[in-house]
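Numbering (this note's numbering), first residue to last: 1 to 148.
C-beta atoms are modelled at their ideal positions from N, C-alpha and C, and glycine is treated no differently.
This one's a predicted model, so the numbers in the text were calculated from it and none came from an experiment.
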């Protein structure tokens with residue numbers, strides 16, 4: 001019987017599944033999911049910028065209802081605040097709270113460790129190549145998506 005070679009998507013899906021499961025398990029103690037932590041990290045990196053929900057949707061390429069759900073849960077847990085714009089009360093800016101900021105280093109260290117685990121057996125040259133290739137795949141998919 002001929003051996004079937006899985007497609008690239010299979011490996012991306014498997015890697016994502018393992019990472020999600022591991023990170024979700026590690027973040028349970030903080031009552032956070034991987035998706036929620038990713039949004040908090042985005043807010044942390046952009047803490048000197050006024051971030052709207054649309055910015056999060058665009059950055060992560062996820063739908064409005066998905067982001068709304070993530071933000072609602074983060075707000076309920078006390079990790080973010082929605083601040084009304086002074087010039088347009090319909091516009092809400094998203095910012096992390098002190099509670100989220102105080103957790104940032106702990107959460108970020110766990111993400112860094114996960115990334116190190118993913119590539120621990122690769123040389124630095126292979127890690128650089130992997131990063132470059134993943135970026136190229138991502139750019140290809142963005143181009144295709146914009147043409148659709």
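Is the beta carbon of residue j closer than 8 Å to that of residue i?
| i | j | result |
| --- | --- | --- |
| residue 43 | residue 95 | yes |
| residue 75 | residue 67 | no |
| residue 36 | residue 62 | no |
| residue 107 | residue 27 | yes |
| residue 100 | residue 83 | no |
| residue 127 | residue 137 | no |
| residue 130 | residue 122 | yes |
| residue 77 | residue 20 | no |
Taking 7 Å as the cut-off, is the CB of residue i close to at least one heavy atom of the ligand FMN?
| i | result |
| --- | --- |
| residue 142 | The ligand content of the structure shown is nil, which means the ligand FMN is not present either. |
Grab me the residues of residue i's own chain with a C-beta within less than 6 Å of its C-beta, minus the 5 sequence neighbours each way, in chain order.
| i | result |
| --- | --- |
| residue 23 | 34 |
Take residue i and list the residues in its own chain whose beta-carbon comes closer than 8 Å to its own, dropping the five residues that flank it on each side.
| i | result |
| --- | --- |
| residue 59 | 42 |
| residue 111 | 23, 37, 41 |
| residue 3 | none |
Is it buried or exposed for residue i, if we count other Cβ within 10 angstroms and need 16 for buried?
| i | result |
| --- | --- |
| residue 39 | buried |
| residue 15 | exposed |
Take residue i and list the residues in its own chain whose beta-carbon comes closer than 7 Å to its own, dropping the five residues that flank it on each side.
| i | result |
| --- | --- |
| residue 109 | none |
Quiz item: Whole alpha helix (DSSP H) runs in the segment 19–52 with 4 or more residues, listed along the chain?
Solution: For the segment 19–52, whole alpha helix (DSSP H) runs of length 4 or above, ordered along the chain, are 34–45.
Practice problem: Please confirm if the segment 34–52 is in contact with the segment 81–93, defined as three or more CB-CB distances below 8 Å between the two stretches. | Solution: yes
Exercise. Could you name each continuous alpha helix (DSSP H) segment of 4 residues or more that falls completely within the segment 70–123, going from the start of the chain to the end?
Key: 98–119
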